[in-house]
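Novice: The opening position of the sequence shown corresponds to residue 5 in the numbering used here, with each subsequent residue numbered one higher. Think of the CB as a built atom: it goes at the ideal place given N, C-alpha and C, for glycine as much as any other residue.
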Amino acid sequence: MKQLKLVSTVLVVALLLVLSACGTSKSTSTSGTKTTGGDAEKKTLRVVTDAAYAPFEYQDKGEVVGFDIDFLNAVAKEAGYKINIEHVGWDPIFVELDKKIADIGISAITINDERKQSYDFSVPYFLSTNKILVPKDSDIKSAADLKNNKTIAVQNATTGQEAVEGLLGKNSDKIKKFENNNLAILELKGGGADAVVADNTVIEEYVKNNPKDNFVVIEDSSAFAKEFYGLMFPKDSKIKADFDKAVKAVIDNGTYAEVYKKWFKVEPDTQNLKDQQ
Numbered sequence: 005m006k007q008l009k010l011v012s013t014v015l016v017v018a019l020l021l022v023l024s025a026c027g028t029s030k031s032t033s034t035s036g037t038k039t040t041g042g043d044a045e046k047k048t049l050r051v052v053t054d055a056a057y058a059p060f061e062y063q064d065k066g067e068v069v070g071f072d073i074d075f076l077n078a079v080a081k082e083a084g085y086k087i088n089i090e091h092v093g094w095d096p097i098f099v100e101l102d103k104k105i106a107d108i109g110i111s112a113i114t115i116n117d118e119r120k121q122s123y124d125f126s127v128p129y130f131l132s133t134n135k136i137l138v139p140k141d142s143d144i145k146s147a148a149d150l151k152n153n154k155t156i157a158v159q160n161a162t163t164g165q166e167a168v169e170g171l172l173g174k175n176s177d178k179i180k181k182f183e184n185n186n187l188a189i190l191e192l193k194g195g196g197a198d199a200v201v202a203d204n205t206v207i208e209e210y211v212k213n214n215p216k217d218n219f220v221v222i223e224d225s226s227a228f229a230k231e232f233y234g235l236m237f238p239k240d241s242k243i244k245a246d247f248d249k250a251v252k253a254v255i256d257n258g259t260y261a262e263v264y265k266k267w268f269k270v271e272p273d274t275q276n277l278k279d280q281q
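1) At 4 residues or longer, what runs of the alpha helix (DSSP H) sit wholly inside the segment 63-101?
2) Identify every run of the alpha helix (DSSP H) within the segment 131-204, keeping only runs that are complete inside it and at least 4 residues long; order them along the chain.
3) Alpha carbon to alpha carbon, how far is residue 97 from residue 251?
4) Rounded to whole angstroms, what's the CA-CA distance from residue 158 to residue 192? Just pull it up for me.
5) Comparing C-alpha positions only, which one of 172, 84, 223 sits nearest to residue 205?
6) Can at least three beta-carbon pairs, one atom from the segment 95-109 and one from the segment 214-230, be found at a separation below 8 Å?
7) Write down the C-beta distance between residue 79 and residue 247 rounded to the nearest angstrom, noting that I regard them as a contact closer than 8 Å.
8) Once DSSP output is grouped into helix, strand and coil, what is the label at residue 262?
9) Under the three-state reduction of DSSP, which class applies to residue 274: helix, strand or coil?
10) Within its chain, find whatever has a CB closer than 7 Å to the CB of residue 144; leave out the 5 residues flanking it on each side and keep chain order.
11) With DSSP as the reference, identify every bridge partner of residue 49, one or two as the case may be.
12) Mind checking residue 234: buried by the 16 CB within 10 Å criterion, or exposed?
13) Compute the Euclidean distance between the alpha carbons of residue 148 and residue 46, then round it to the nearest angstrom.
14) Can you tell me the Cα-Cα spacing of residue 1 and residue 105, whole angstroms?
15) Per the contact definition of three or more C-beta pairs closer than 8 Å, is the segment 252-259 in contact with the segment 75-90?
16) As a quick exercise: from 64, 281, 190, 208, pick the residue whose alpha carbon is nearest that of residue 249.
17) Using alpha carbons as the reference points, say which of 131, 225, 100 lies closest to residue 271.
18) In terms of alpha-carbon separation, which member of 184, 125, 51, 183 lies closest to residue 100?
19) Assign residue 218 to buried or exposed, taking buried as 16 or more other Cβ atoms, counted over all protein chains shown, within 10 Å of its Cβ.
20) Within this structure, are the beta carbons of residue 116 and residue 231 separated by less than 9 Å?
21) In the DSSP assignment, find the unbroken alpha helix (DSSP H) run with residue 127 in it and report its ends.
22) Per DSSP, what are the beta-bridge partners of residue 209 in this structure?
23) Rounded to the nearest angstrom, what separates residue 174 and residue 122 at their Cα positions?
24) Ordered along the chain, which non-local residues of its own chain (more than five positions away) have a Cβ less than 6 Å from that of residue 276?
25) Could you give the DSSP three-state label for residue 25: helix, strand or coil?
26) Suppose the cutoff is 6 Å on Cβ atoms and the five residues either side in sequence are ignored; what does the same chain contact list for residue 267 look like?
27) Under the rule that 16 or more other beta-carbon atoms within 10 Å means buried, what is residue 262, buried or exposed?
28) CB-CB under 6 Å to residue 94, same chain, minus the five flanking residues each way: which ones, in chain order?
29) When we look at the beta-carbon of residue 269 and count the other beta-carbons within 10 Å, is it buried (16 or more) or exposed?
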């Protein structure tokens, strides 16, 4: 009887040791769950984007790639977070952040006062401006020429749309709005529009990669102001401070320049970004 009790006691102690060991193991990281490691407790973040905006984000063999993606991966690593990036489309980015079912939105999103009323933004990470895409034989030479009974294609709910509305009026029937810039450019190719107004990098990249279309890019700095992109968060985001610090670090330590040169083949003007921090 004593021997049986001793065996039972040994078995109970062994079982407790196994359970104790299980309780101290690291948890598996999945979207929306916390990962514990050392003193840090961080969440794997759900990132939403519109992967139809090359070279910032687009789909290549089912994978979302682009400048924004490489940049954010570097920033998340610096901040100590893991991320899952999902293509959801342009308008759903804002809806999902508003409902707080996503943690970050990235898609060449311009920081402006209207958006800041509903969302938080990181410090700026990219300088941009709107430009005009037209056929080589077009008589459009400046933003003022867009007022001469021209039809303009834009991506809906973008600063490109806002810029054109500022020129033609918000309710102008000469503005054609599309779900993304690819569709706007297709409208121009098909003769349904005289011009596209969009972020300079996007249309410049298109012209470079599609020389047979015979398009040119028109710059008018007097009509289109400089814009800065930022990571977008739900209002009162608790991770904004971590990402602000990480964005600054990635710009300062040279990682940003490496990613920028990979995608745009030129050195970035980081001083303009630092001046905004």
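Specialist: This is what the structure holds:
1) Runs found: 71-83.
2) Counting only runs of 4+ residues, the alpha helix (DSSP H) found wholly inside the segment 131-204 occupies 163-172, 185-193, in chain order.
3) Sequence index remark: in the sequence shown, residue 97 carries index 93 (1-based). Sequence index remark: in the sequence shown, residue 251 carries index 247 (1-based). Our two residues, residue 97 and residue 251, have alpha carbons roughly 21 Å apart in a direct line.
4) In the sequence shown, counting from the first residue as 1, residue 158 sits at position 154. In the sequence shown, counting from the first residue as 1, residue 192 sits at position 188. Those two C-alpha atoms are separated by around 10 Å.
5) One-based indexing of the sequence shown puts residue 205 at position 201. Closest by C-alpha distance to residue 205, out of 172, 84, 223, is 223.
6) Result no; under three Cβ-Cβ pairs closer than 8 Å.
7) Numbered from its first residue, the sequence shown carries residue 79 at position 75. Numbered from its first residue, the sequence shown carries residue 247 at position 243. With a Cβ gap of about 6 Å, residue 79 and residue 247 count as contacting.
8) For the purposes of this step, residue 262 is taken as residue 258 along the sequence shown, with counting starting at 1. The answer is helix: DSSP assigns residue 262 an H, G or I state.
9) In the sequence shown, residue 274 corresponds to position 270, counting from 1. It is helical.
10) Stepping through the sequence shown from its first residue, residue 144 is reached at position 140. Here the set comprises 136, 138, 150, 154, 198, 199, 222.
11) What you label residue 49 is simply residue 45 of the sequence shown in a count that begins at 1. Beta-bridge annotation (DSSP): residue 49 is paired with 87.
12) What you label residue 234 is simply residue 230 of the sequence shown in a count that begins at 1. Answer is buried; the Cβ neighbour count reaches 16.
13) If you number the sequence shown from 1, residue 148 lands on position 144. If you number the sequence shown from 1, residue 46 lands on position 42. Between residue 148 and residue 46, the C-alpha separation is close to 51 Å.
14) Not covered by the structure: residue 1. The range shown for the chain is 5 to 281.
15) Three or more Cβ pairs drawn from the segment 75-90 and the segment 252-259 lie within less than 8 Å of each other, which places the two stretches in contact.
16) What you label residue 249 is simply residue 245 of the sequence shown in a count that begins at 1. Closest by alpha carbon: 281.
17) Residue mapping note: residue 271 aligns to position 267 of the sequence shown, counting from 1. It is 131 whose Cα lies nearest to the Cα of residue 271.
18) As a position in the sequence shown, residue 100 is number 96, starting the count at 1. It is 51.
19) Counted from its first residue, the sequence shown places residue 218 at position 214. When all chains shown are included, residue 218 counts as exposed.
20) Along the sequence shown, one-based indexing puts residue 116 at 112. Along the sequence shown, one-based indexing puts residue 231 at 227. Their beta carbons are under 9 Å apart, which means residue 116 touches residue 231 by this criterion.
21) As a first step, residue 127 is located in the sequence shown; it is residue number 123 there, counting from the start. Where residue 127 is concerned, there is no enclosing alpha helix (DSSP H), given that its DSSP letter is neither H nor E.
22) The count along the sequence shown starts at 1 and reaches residue 209 at position 205. Residue pairing for residue 209: DSSP places it in no beta bridge.
23) Residue mapping note: residue 174 aligns to position 170 of the sequence shown, counting from 1. Residue mapping note: residue 122 aligns to position 118 of the sequence shown, counting from 1. Within the model, the alpha-carbon separation for residue 174 versus residue 122 is close to 22 Å.
24) Indexing the sequence shown from 1 puts residue 276 at position 272. 131.
25) To locate residue 25, count along the sequence shown from 1; it is residue 21. Bear in mind that a pLDDT of 39 at residue 25, under 50, signals an unreliable position, so the number given afterwards is only what the model happens to contain. DSSP places residue 25 in helix when its eight states are reduced to three.
26) The residue given as residue 267 occupies position 263 in the sequence shown. Around residue 267: 59, 71.
27) On the sequence shown, residue 262 is found 258 positions in, with the first residue counted as 1. In the assembly as shown, residue 262 is an exposed residue. Its beta-carbon has fewer than 16 other beta-carbons within 10 Å.
28) Within the sequence shown, numbered from 1, the residue matching residue 94 stands at position 90. Closer than 6 Å at Cβ, skipping near neighbours: 54.
29) Walking along the sequence shown from the start, residue 269 turns up at place 265. With fewer than 16 Cβ atoms within 10 Å of its Cβ, residue 269 is classed as exposed.
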